[in-house]
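Each remark here refers to the structure printed beneath this line.
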Amino acid sequence: LGFAKNGAVLAADLRDPDSAGLISRARAVVVLLTVQTLTSVVQLAFIVQSMRLISHRGSVKKVAVIPVTTQAFQFPGANFYDVVLPGIWMGDLVEARSLIKEFFRIIAVPFA
């Protein structure tokens, strides 16, 4: 890509993306929010890892996290945090819930 000196990586193109490794080397993480984002463990892992990195105090590297919404995307409500997330998330649920909520406090850019 012309605007990215080292190119861009699309996690959707990878068979088994190492979210922590990719994010730690990124300048920015753009999350395209679609109708299936909130049920995709891979996308949720990227959201959690991104927010973990930027909220880690004392972190030397800061990564820009840019949420981009599509028309079909519905922001999460109580049902997502109380029912959907516990049903699909295998890690620390309290941490994931907190970091995902923090992610959705970032103003999203609409994809037009």
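Using this note's numbering, the letters of the sequence shown correspond one by one to residues 13 to 124.
In this text, a Cβ means the ideal position worked out from N, Cα and C, and glycines have one as well.
Residue i in three-state terms, based on DSSP
i: Thr-51; result: helix
i: His-40; result: It should be pointed out that residue 40 corresponds to Ala in this sequence rather than to His. It is a strand residue.
i: Leu-45; result: strand
i: Asp-94; result: helix
i: Gly-89; result: coil
i: Ala-57; result: helix
Distance CB(residue i)-CB(residue j) smaller than 8 Å
i: Leu-44; j: Val-80; result: yes
i: Ser-62; j: Val-75; result: yes
i: Phe-92; j: Thr-46; result: no
i: Phe-87; j: Phe-58; result: no
i: Thr-51; j: Val-106; result: no
i: Val-53; j: Ile-100; result: yes
Start-to-end residues for the alpha helix (DSSP H) that takes in residue i
i: Pro-98; result: 97 to 100
i: Ala-124; result: Where Ala-124 is concerned, there is no enclosing alpha helix (DSSP H), given that its DSSP letter is neither H nor E.
i: Leu-111; result: 105 to 115
Counted within 10 angstroms of its Cβ, other Cβ atoms place residue i as buried (16 or more) or exposed
i: Gln-48; result: exposed
i: Val-41; result: buried
i: Gln-55; result: buried
i: Val-77; result: buried
Own chain, CB closer than 6 Å to residue i, minus 5 neighbours either side, in chain order
i: Val-153; result: The structure shown does not extend to residue 153, since the chain is modelled only from 13 to 124, so the question has no answer here.
i: Pro-122; result: Thr-81
i: Ser-31; result: Ala-57, Phe-58, Gln-61
i: Glu-114; result: Met-63
The beta strand (DSSP E) enclosing residue i, as first and last residue numbers
i: Ala-76; result: 76 to 81
Own chain, CB closer than 8 Å to residue i, minus 5 neighbours either side, in chain order
i: Ile-35; result: Val-41, Phe-58, Gln-61, Ser-62, Leu-65, Val-75
Contact set for residue i: own chain, Cβ-Cβ below 7 Å, skip 5 residues either direction
i: Pro-98; result: Leu-105
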